[in-house]
Amino acid sequence: MLKNDSVKTELPATFETLDEMANFWDTHDVTDFEEFLTPVDVTVALSPRHEYVITLSDSLDSLLQKVQKSEGVSLNTLVNLWVQEKLQQYAVASR
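The sequence shown lines up with residues 738 to 832 when you count with the numbering used here.
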């Protein structure tokens, strides 16, 4: 998308649908509306993160997704909690 310096389009106060908003931003440059932007302070945690790829059977995947939905947390959060719980159990049993 090219920034348009000649004619500035007015920023709509609201959008009727998500598609309308997406179409607007697909055809406009956010830097044309800098006066509407608010500066924010952001802190980025640089703690090490590790990603693992695991393969689950269809039945395990279905069960995992059901539990995730019923718990109302992200899949990432659910699996992290379960791994943490099992590692704590392992640490206690290994003493």
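All C-beta atoms in this analysis are idealised placements derived from N, C-alpha and C, irrespective of residue type, glycine included.
- Here Glu808 is near Leu815, since their CB atoms are less than 8 Å apart.
- C-alpha of Ser794 to C-alpha of Ala830: approximately 29 Å in a straight line.
- Runs of the alpha helix (DSSP H) spanning 4 or more residues and lying entirely within the stretch 778-821 occur at 795-808, in chain order.
- A distance below 8 Å between beta-carbons, with the five flanking residues on each side excluded, links Phe752 to the following residues of its chain, in chain order: Met758 and Phe761.
- Per DSSP, the continuous alpha helix (DSSP H) segment holding Glu757 begins and ends at Leu755 to Asp763.
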